[in-house]
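The next block holds one structure in the form of structure tokens; read it before the comments.
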Amino acid sequence: MRKATGVAVVAVLSMLVSTAAAQTTAPGVPAPGATPPPAPTIAPGVRAAGVSVGGLTVPQATARLTAALGPRMRTPVTIRVAGRRFRLRPRSIGSRLDAGRTARRALKAGRARGGVDPSFGEVIDVPVAVVLDRKRLRRYVSGLGRRVYVAPRNATLRITVRRMVRRRSYGGRKLVEYRLRSAIVRVLRDPRARRAVKGQRRRLRAAVTYRGLARRYPTVVTIDRGGFRLRLFKRLRYDRSYGIAVGAAGHDTPTGLFRINTKQVNPAWHAPNRPWAGSYAGRTVPGGAPDNPLRARWLGIANGVGIHGTSEPWSIGSRASHGCIRMRVPDVIDLYPRVPVGTPTLIR
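Residues -22 to -1, 1 to 326 (mature numbering (1 follows the signal peptide of the UniProt record, and there is no 0)) are what the sequence shown spells out, left to right.
This is the structure in structure tokens:
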């Protein structure tokens, strides 16, 4: 009797232990020996860049996409800019297909639509996921921009005593980098796209144009010492000329490019303290005085040298002055209002 009772107690305890163990098993974890649930599959009719992945698990879809799209995604992109061709290898900018992410994207898209029925022509085509290093892409396009950059060339002016020699300006070209970057990204993200893009350049205007030179140089004066002529140019075109006298031997008129720095009507003469000034040395002769050699007008150039009228019109066409440019009085009066302060003046 006692032996039978003990056996019954042991059986009851065993049942209680088994029940407790079953209750402590984590939810969702299959009991030992149980069959695991099947891996989720992508809904039928789902594609990625035209590659069918419907009915496949994520690992299976990853393998299929890698095999179908990987080679295409590694194909270099041809870039055409300004008649030149460049080849961009995707891996050089860290671009590659992320097949796993694309497969998960396809799985999610099928679930969001609640499945599709290919028999009725329903298809979901998801874009592929691409890894891309934006900084490396930016550096590549910037380097390309430097290679196809053409700097603008300003128009230039060369002043000679007889004419103004102008060289035309040329516009530059600069790559529109942000547009090229966008075009490259579009191609890299679409394995069905043609692996070629065209870069655009925008025109750069020169700071100084051919016409702009005329605005910069509205008036130019040239003095031809050998030909004893003063020429006036307006908007870089010949306007008129006058006969002149220049410095005598030992008192040569200076040469170079100067600017008119002062203008006076009936200027006073501040005679230099030099032997050739004679009794006037160191004195100031008032403007308009009969013995003032600076007649009517004065256009200062540099270091006491200037253009002025003379009381010795017979000296015109010779080397007769002490460095200044002499003109007949009617001529210097005619020239005076035509030449503003700051006018470039070439003496040769």
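Heads up, the beta-carbon is just placed ideally off N, CA and C, and yes, glycines get one too.
Same chain, Cβ closer than 6 Å to residue i, neighbours up to 5 away in sequence not counted
| i | result |
| --- | --- |
| residue 328 | In the structure as shown, the chain starts at -22 and stops at 326, and residue 328 therefore has no counterpart that could be examined. |
| V139 | T200, D202, R326 |
| G284 | W276, L277, G278, C302 |
| H248 | T262 |
| Y118 | I71 |
| L324 | I137, T200, L235 |
| Q1 | Note that Q1 scores a pLDDT of 47, beneath 50, so its modelled location is shaky; the value from the coordinates is reported in the next line. Excluding residues within five positions, none has a Cβ falling inside 6 Å. |
| residue 327 | Summary: the structure shown does not reach residue 327, with the chain confined to residues -22 through 326, and so no result is reported for it. |
Three-state secondary structure (DSSP) of residue i
| i | result |
| --- | --- |
| S293 | helix |
| R145 | strand |
| S30 | strand |
| I71 | helix |
| A17 | coil |
| V317 | coil |
| V24 | strand |
| G322 | The displayed chain sequence assigns Pro, not Gly, to residue 322. Correct three-state label for P322: strand. |
| L214 | coil |
| T80 | helix |
| R306 | coil |
| I222 | coil |
| R91 | coil |
| I201 | strand |
| D230 | coil |
| I238 | coil |
| A298 | strand |
| L66 | strand |
| D312 | helix |
Residues near residue i in its chain [Cβ-Cβ closer than 8 Å; skip 5 each side]
| i | result |
| --- | --- |
| R82 | V36 |
| V108 | M51, S73, R74, L75, D76, L166, R167 |
| R306 | Y220, G221, G287, T288, P291, I294 |
| R252 | A259 |
| A184 | P130, R131, N132, A133, S147, Y148, G149, G150 |
| R273 | H286, G287, T288, S289, V307, V310 |
| residue 332 | Within the shown structure, residues of the chain are numbered from -22 to 326, placing residue 332 beyond reach of any answer. |
| L313 | L208, L210, Y220, R275, L277, I285, M305 |
| R79 | A107 |
| R65 | P54, V55, T56, I57 |
| P268 | none |
Contacts around residue i, its chain only, beta-carbon distance under 7 Å, and the 5 residues preceding and following it disregarded
| i | result |
| --- | --- |
| A4 | Its pLDDT being 48, under 50, A4 is placed unreliably in this model, and the value from its coordinates should be taken loosely. Cβ within range, chain order: n/a, list empty. |
| A39 | I20, V31, A81, A84 |
| M142 | L135, V198, F211, L214 |
| L34 | T19, I20, R42 |
| Y195 | L135, L214, P322 |
Presumed contact (8 Å Cβ cut-off) between residue i and residue j, rounded CB distance
| i | j | result |
| --- | --- | --- |
| I71 | L110 | 7 Å |
| V59 | R179 | 7 Å |
| V104 | A87 | 5 Å |
| residue 384 | L47 | Only positions -22 to 326 of the chain appear in this structure, which leaves residue 384 out of reach. |
| L235 | P322 | 6 Å |
| R67 | P49 | Not quite, the Cβ-Cβ distance comes to about 13 Å (not below 8 Å), so this is no contact. |
| V126 | R62 | 7 Å |
| A246 | P264 | 5 Å |
| R218 | G320 | The Cβ separation is near 20 Å, so there is no contact. |
Whole beta strand (DSSP E) runs in the segment 36 to 62 with 3 or more residues, listed along the chain?
-> 55 to 59
At a cut of 8 Å, does the segment 121 to 131 reach the segment 153 to 161 through at least three beta carbon pairs?
-> When C-beta atoms of the segment 121 to 131 are compared with those of the segment 153 to 161, three or more pairs fall below 8 Å, so the two segments count as touching.
For the segment 241 to 280, which segments carrying the beta strand (DSSP E) assignment without a break, of at least 3 residues, lie completely within its bounds, in sequence order?
-> Within the segment 241 to 280, the complete beta strand (DSSP E) segments of 3 residues or longer fall at 273 to 280, listed in chain order.
Runs of alpha helix (DSSP H) wholly within the segment 111 to 189 (minimum 4 residues, chain order) = 112 to 125, 155 to 167
Do the segment 265 to 278 and the segment 239 to 249 touch if we need at least three Cβ pairs shorter than 8 Å?
-> yes
With contact counted as at least three CB pairs below 8 Å, one residue from each stretch, are the segment 156 to 164 and the segment 202 to 211 in contact?
-> no
Would you call the segment 216 to 231 and the segment 281 to 297 in contact, with 3 or more CB pairs under 8 Å?
-> yes
Would you check if the segment 126 to 140 and the segment 187 to 198 touch, i.e. whether three or more CB-CB distances between them fall below 8 Å?
-> yes
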